[in-house]
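Going down the list, the protein sequences come from chains A and B.
Per this note's numbering, the first sequence runs over residues 643 to 827.
Per this note's numbering, the second sequence runs over residues 123 to 867.
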Amino acid sequence: MRATVALLCLFFLLVLASDARAAAEISDFKVAVDGDRALVSLKLDRAFTSRLWERVESGLPTSIVYRFLLEKDRKRWYDTQLKENTFEVVATFDAVERQYAVNYKLDGKLVQSRMVHDHNALAAAMTRIESLPVFTLDRLPGEWRLLIKVRAELGSKTLLAMIPVAVATEWTESRKFRGPAPRQP
Amino acid sequence: MSRRRREGLRARLLRHRKDPRLILGGLGLLLLLATAGFYLVQRERDLPSFLVTNRVLLFVLWYINVVLILTVLFVLLRNLFKLLIERRHRILGSNFKFKLVATFIGLSLIPVLLLFAIATELLQGSVERWFNTPLKPVLGQGNTVAQALYEQIERTDLRAASRALAEVGGFDLKSATARARLTRRLQELQGELGLDFLGIYEGTEFVQAVVDPQAGIANLPEPGQDFLNEVLHRRQALRREDRPAGRGRLLMAGVASATSTATAATAAPIVVVAGSLLPPALAEASEALIQNFQGFRQLEVQKDDFKASHLLIFLMVTLLILLASSWVGLYLARRVTVPIQALAEGTRRIGLGDLSHRVEVDADDELGVLVRSFNQMTEDLQSNKELLEHSNRELSATAERLGEERALLAAVLENVAAGVVSTDADGRIFTCNGAALAILRQREEEVLGRRVEEAWPDRERGKLAALLDHDPPAGQGSREVHLILGGEWKTFEAKVTPMRGPGGALLGRVLVIEDLTELIKAQQLAAWNEAARRIAHEIKNPLTPIRLGAERLQRKAEQGDPGLARAVLDAVEIIVREVGTIQQMVDEFSRFARMPRPRPTAVDLGRLLEETLHLYRNLKPGVEIAGGVAGPLPLPEIKLDGEQIKRVLINLLDNAVEATDPPGRVTISAHANDGHLEIQVRDTGRGIPPESKEKLFLPYFSTKGRGTGLGLAIVHRIVADHHGSVRVEDNAPKGSVFTLELPLG
Numbered sequence: 643m644r645a646t647v648a649l650l651c652l653f654f655l656l657v658l659a660s661d662a663r664a665a666a667e668i669s670d671f672k673v674a675v676d677g678d679r680a681l682v683s684l685k686l687d688r689a690f691t692s693r694l695w696e697r698v699e700s701g702l703p704t705s706i707v708y709r710f711l712l713e714k715d716r717k718r719w720y721d722t723q724l725k726e727n728t729f730e731v732v733a734t735f736d737a738v739e740r741q742y743a744v745n746y747k748l749d750g751k752l753v754q755s756r757m758v759h760d761h762n763a764l765a766a767a768m769t770r771i772e773s774l775p776v777f778t779l780d781r782l783p784g785e786w787r788l789l790i791k792v793r794a795e796l797g798s799k800t801l802l803a804m805i806p807v808a809v810a811t812e813w814t815e816s817r818k819f820r821g822p823a824p825r826q827p
Numbered sequence: 123m124s125r126r127r128r129e130g131l132r133a134r135l136l137r138h139r140k141d142p143r144l145i146l147g148g149l150g151l152l153l154l155l156a157t158a159g160f161y162l163v164q165r166e167r168d169l170p171s172f173l174v175t176n177r178v179l180l181f182v183l184w185y186i187n188v189v190l191i192l193t194v195l196f197v198l199l200r201n202l203f204k205l206l207i208e209r210r211h212r213i214l215g216s217n218f219k220f221k222l223v224a225t226f227i228g229l230s231l232i233p234v235l236l237l238f239a240i241a242t243e244l245l246q247g248s249v250e251r252w253f254n255t256p257l258k259p260v261l262g263q264g265n266t267v268a269q270a271l272y273e274q275i276e277r278t279d280l281r282a283a284s285r286a287l288a289e290v291g292g293f294d295l296k297s298a299t300a301r302a303r304l305t306r307r308l309q310e311l312q313g314e315l316g317l318d319f320l321g322i323y324e325g326t327e328f329v330q331a332v333v334d335p336q337a338g339i340a341n342l343p344e345p346g347q348d349f350l351n352e353v354l355h356r357r358q359a360l361r362r363e364d365r366p367a368g369r370g371r372l373l374m375a376g377v378a379s380a381t382s383t384a385t386a387a388t389a390a391p392i393v394v395v396a397g398s399l400l401p402p403a404l405a406e407a408s409e410a411l412i413q414n415f416q417g418f419r420q421l422e423v424q425k426d427d428f429k430a431s432h433l434l435i436f437l438m439v440t441l442l443i444l445l446a447s448s449w450v451g452l453y454l455a456r457r458v459t460v461p462i463q464a465l466a467e468g469t470r471r472i473g474l475g476d477l478s479h480r481v482e483v484d485a486d487d488e489l490g491v492l493v494r495s496f497n498q499m500t501e502d503l504q505s506n507k508e509l510l511e512h513s514n515r516e517l518s519a520t521a522e523r524l525g526e527e528r529a530l531l532a533a534v535l536e537n538v539a540a541g542v543v544s545t546d547a548d549g550r551i552f553t554c555n556g557a558a559l560a561i562l563r564q565r566e567e568e569v570l571g572r573r574v575e576e577a578w579p580d581r582e583r584g585k586l587a588a589l590l591d592h593d594p595p596a597g598q599g600s601r602e603v604h605l606i607l608g609g610e611w612k613t614f615e616a617k618v619t620p621m622r623g624p625g626g627a628l629l630g631r632v633l634v635i636e637d638l639t640e641l642i643k644a645q646q647l648a649a650w651n652e653a654a655r656r657i658a659h660e661i662k663n664p665l666t667p668i669r670l671g672a673e674r675l676q677r678k679a680e681q682g683d684p685g686l687a688r689a690v691l692d693a694v695e696i697i698v699r700e701v702g703t704i705q706q707m708v709d710e711f712s713r714f715a716r717m718p719r720p721r722p723t724a725v726d727l728g729r730l731l732e733e734t735l736h737l738y739r740n741l742k743p744g745v746e747i748a749g750g751v752a753g754p755l756p757l758p759e760i761k762l763d764g765e766q767i768k769r770v771l772i773n774l775l776d777n778a779v780e781a782t783d784p785p786g787r788v789t790i791s792a793h794a795n796d797g798h799l800e801i802q803v804r805d806t807g808r809g810i811p812p813e814s815k816e817k818l819f820l821p822y823f824s825t826k827g828r829g830t831g832l833g834l835a836i837v838h839r840i841v842a843d844h845h846g847s848v849r850v851e852d853n854a855p856k857g858s859v860f861t862l863e864l865p866l867g
């Protein structure tokens with residue numbers, strides 16, 4: 643009886659915590675191996691809706707979180723997750739100075755800050771990622787087939803005026819790739 | 123956590139879950155959470171809006187609410203489910219418990235949910251109304267004005283920078299003399315264009331700058347590499363720089379030349395930055411206008427989150443209150459229903475006979491008193507039952523023993539020759555043995571359970587009923603009763619014994635009747651034998667002298683004795699005398715034998731006694747003769763055979779006077795006693811030895827050594843013919859008392 647109630651609670655929570663699908667989608671998702679680093683590039687299309695622009699223009703810190711998963715590809719079973727990383731882009735508009743401060747955080751650490759002064763530059767700064775080193779591939783067997791999954795989380799909205807749900811894109815998979823060959827001693 | 127520790131914790135929780143301190147602590151915690159929620163609601167306006175509408179906070183609030191909703195649902199559904207199961211299984215008290223719990227939950231749910239609905243609607247409406255106020259246009263216009271002011275100054279600066287760039291294009295920035303002229307020209311342009319700052323850069327390298335000393339710019343402004351790069355990149359750019367220490371805002375406009383105009387060697391374009399310092403008051407005002415508008419826009423953007431957070435906080439508080447109220451409701455319901463249910467179950471168990479059952483419920487209010495009283499009552503019932511069982515066992519044993527004794531007694535009664543009849547206090551016959559039935563010639567059903575008057579309605583048996591009607595006089599043993607049953611004259615010895623309880627209350631009477639008819643016949647036969655022997659002896663005594671006289675005459679006659687004549691005369695005299703003796707004896711015997719049946723007539727008893735006493739007064743000197751009737755008699759005249767009674771009294775007075783030596787006293791008295799006439803003759807004479815008392819009334823028994831021995835036999839005979847009795851007792855201090863009892867009427 644108690645186990646049933648606990649399972650029902652868990653199911654209820656999972657249902658409530660499920661993400662709302664965003665209209666945005668990830669394109670041109672590419673992975674390149676540079677030494678023992680995996681570099682990713684992507685574009686996030688249709689991310690800037692009017693609602694997001696309103697939020698940015700209001701001066702509230704507005705973030706887009708890119709969540710990356712490094713997985714080992716398995717043909718006949720679910721893939722195994724090896725690593726996880728996040729890349730967060732936070733934009734804050736200064737209405738007096740009419741500029742946008744854009745901060746980039748990789749795995750929670752600030753890696754870059756930029757100032758942009760118009761919408762196009764801001765949109766490009768938040769939705770274009772070029773050769774971002776998200777994972778190190780050392781200590782991974784070279785024969786493993788790897789892939790990286792990514793999705794973008796664009797904040798939250800409310801259902802029924804009170805239920806918060808996260809807005810996120812679908813998971814996008816990269817092509818399969820192999821890690822770097824082990825170095826000869 | 124190991125399994126043992128988990129079980130230990132669970133056991134402790136179960137043990138303490140009804141601990142009032144734990145319950146109060148839980149309630150206090152809930153109250154604290156509700157207070158915190160309320161405080162949060164009250165203080166939210168003081169919190170930063172980004173915190174109130176923070177996504178993490180929203181999710182945390184929502185999960186708290188989900189947990190609370192699930193907890194409330196779990197608590198309510200679990201209890202309702204349990205109640206439904208109990209009702210389905212028809213557990214005693216479940217209906218009452220269901221109603222009470224439903225009432226409590228309803229009383230807590232309905233107002234809280236109603237309040238939540240109304241408050242939610244009010245909250246939503248208030249938020250919408252707040253955002254619908256004309257505040258936004260006002261703030262928007264203010265922002266527009268401020269921005270327009272900035273833009274106008276920036277446009278002016280931009281034009282000034284362009285003009286300055288055109289002016290300084292002809293200067294050789296590498297030459298010292300040209301630089302001096304450039305400085306002067308910059309100062310002139312600054313004055314002409316009304317600028318507060320004018321700077322020349324070669325690429326991003328500083329060349330020359332001037333500031334208005336009246337503007338209050340203490341240090342030379344530094345546009346910054348980013349700005350200069352942007353100017354170089356876009357040919358022109360704007361920058362609004364906040365001056366330190368609240369000294370206004372510097373609006374800068376930069377323009378860059380397409381190529382170097384001075385010398386071919388100069389690779390970097392010329393950048394001219396013109397700046398105007400907005401006074402602090404104006405800068406602060408315009409900045410406030412912009413910030414206020416931005417703040418409003420932020421609120422507007424966060425309106426949904428804002429409402430959601432408020433709703434969630436309100437929902438959380440509501441759920442906490444709901445949880446607390448439903449929990450308290452359930453707790454109170456349980457506090458009432460559990461003891462009542464336990465009492466109902468206890469009543470059922472006790473009704474089924476399980477008196478060892480006890481209600482084990484902790485309660486310290488009136489229900490606790492009820493539970494303790496119930497347990498005390500059960501304990502008393504149990505002890506009483508055990509006592510009853512013990513008494514019952516003893517009673518059964520006693521009843522069995524009594525049954526055996528009764529059977530033995532019944533067997534004894536059935537086998538004794540005497541008839542035994544017992545009556546209860548109401549005179550109703552409840553035992554009558556076979557001998558009694560045989561004596562009375564009745565069947566058992568004719569007497570058992572009936573009153574003696576109903577059982578014995580006829581005159582003869584009615585004499586026995588009269589005996590059972592009252593207790594016998596003190597000192598009276600048994601009475602002789604003559605009944606004519608089945609045409610036979612029967613003599614019985616009847617003895618009535620009262621049965622009394624511990625307090626002396628009359629429980630009933632026992633009548634023992636013994637048929638003396640055969641015994642009397644035997645006694646009479648023996649008496650006749652004795653009489654015949656005595657008669658033979660008495661006759662033989664005179665016969666001996668007669669025989670001796672006859673033999674003497676025969677001898678004298680055979681011898682021819684001359685004294686024959688004289689001898690004949692003597693013998694005749696002897697024969698005549700002895701024959702006279704025999705004749706007297708025969709006459710008396712004839713009189714005893716021929717005693718007639720009594721013929722009762724109305725007799726004045728006092729006169730009869732006086733006449734009899736008169737015969738004996740002064741008969742024996744020194745012996746006083748006295749007596750009379752003591753007290754009034756119920757009838758002035760009593761029906762007796764006067765002559766026979768007078769003869770009885772004469773016989774008794776004869777014996778008394780003879781037995782009393784002077785000085786002595788003989789008294790005769792008569793009085794009525796319980797339906798009988800009692801006449802007593804009392805003397806102070808020698809008395810009668812105990813061994814002689816039994817034979818005293820037999821014919822020819824005499825202690826005087828002379829007389830016929832028929833006097834007291836005649837007394838007994840006459841009294842018996844009058845259906846009375848006579849007895850002899852010792853007189854105190856000496857002498858004897860003869861008591862006659864004659865029935866009155």
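The beta-carbon is built from N, C-alpha and C at its ideal position, and this holds for glycine as well.
None of these values were measured; they are calculated from a predicted model.
8 Å or more divides the Cβ of B:Arg369 from the Cβ of B:Pro391. A:Gly750 does not reach chain B, its nearest Cβ partner there being about 14 Å away, counting only Cβ pairs nearer than 9 Å. Per DSSP, the beta-bridge partners of B:Leu607 are B:Glu610.
If the five residues before and after B:Asp637 are omitted, its C-beta is found closer than 7 Å to the C-beta atoms of Ile561, Lys612, Phe614, all from its own chain and listed in chain order.
For the 8 Å CB-CB criterion, A:Val792 and A:Ile668 form a contact. With fewer than 16 other CB atoms across the displayed protein chains lying within 10 angstroms of its CB, B:Phe552 is exposed.
Taking the C-beta atoms as reference points, A:Ser700 is found no nearer than 8 Å to B:Leu180. Within the DSSP secondary-structure output, B:Arg849 pairs in a beta bridge with B:Thr861. Rounded to whole angstroms, B:Lys425 and B:Asn265 show a C-alpha spacing of 20 Å. Annotation: B:Gln420 to B:Gly247 spans about 19 Å, alpha carbon to alpha carbon. Checking the DSSP bridge columns, you'll see B:Arg361 partnered with B:Met374. Residue-level contact by beta carbon holds for A:Ser798 and chain B, with a gap shorter than 8 Å. Contacts between A:Pro806 and chain B, judged by CB atoms closer than 8 Å, involve Arg177, Leu180, Phe181, Trp184, Asp427, Ala430 in chain order. Counting only the Cα atoms, A:Glu795 lies some 11 Å from A:Val807.
Annotation for B:Leu441: Asn187, Leu190, Ile191, Val194 place their beta carbon closer than 7 Å to its own, counting only its chain and skipping 5 residues before and after. At a Cβ-Cβ threshold of 8 Å, B:Val542 and B:Ala519 do not count as neighbours. The CB of A:Glu739 comes closer than 7 Å to the CB of Arg362 in chain B, given here in chain order. Pairing B:Ser216 with B:Leu229 gives a Cβ-Cβ distance that is not under 8 Å. Distance between B:Glu640 and B:Pro812, taken at the CA atoms: about 25 Å.
Secondary structure note for B:Met438: its alpha helix (DSSP H) is the uninterrupted segment 425-473. Per DSSP, A:Pro806 is one residue of the beta strand (DSSP E) stretching across 805-810. Proximity of the segment 430-446 of chain B to the segment 228-243 of chain B meets the contact definition, three or more beta-carbon pairs being nearer than 8 Å. Nearest to B:Ser712 by alpha-carbon distance, out of B:Gly325, B:Gln681, B:Ile657, is B:Ile657. The beta carbon of B:Leu437 sits closer than 8 Å to some beta carbon of chain A. Considering only beta carbons, the part of the segment 412-426 of chain B lying closer than 9 Å to chain A consists of Ile412, Gln413, Phe415, Gln416, Gly417, Phe418, Arg419, Gln420, Leu421, Glu422, Val423, Gln424, Asp426, in chain order. Of the residues assessed, B:Arg601 falls on the buried side of the cut-off, its CB having 16 or more other CB atoms within 10 angstroms. Counting the other CB atoms within 10 Å of its CB gives B:Val182 a total below 16, which places it among the exposed residues. Annotation: B:Glu310 has no Cβ neighbours in chain A at a cutoff of 9 Å; minimum Cβ distance is about 31 Å.
Under the 10 Å beta carbon count, A:Trp813 is surrounded by fewer than 16 other beta carbons and is classified as exposed.
For A:Met757, the uninterrupted beta strand (DSSP E) run begins and ends at 751-758, by DSSP.
Assignment of B:Phe349 by DSSP, reduced to helix, strand and coil, places it in the helix class.
At a cut-off of 8 Å between beta carbons, B:Leu198 makes no contact with chain A. At a Cβ-Cβ threshold of 8 Å, B:Leu731 and B:Ile790 count as neighbours.
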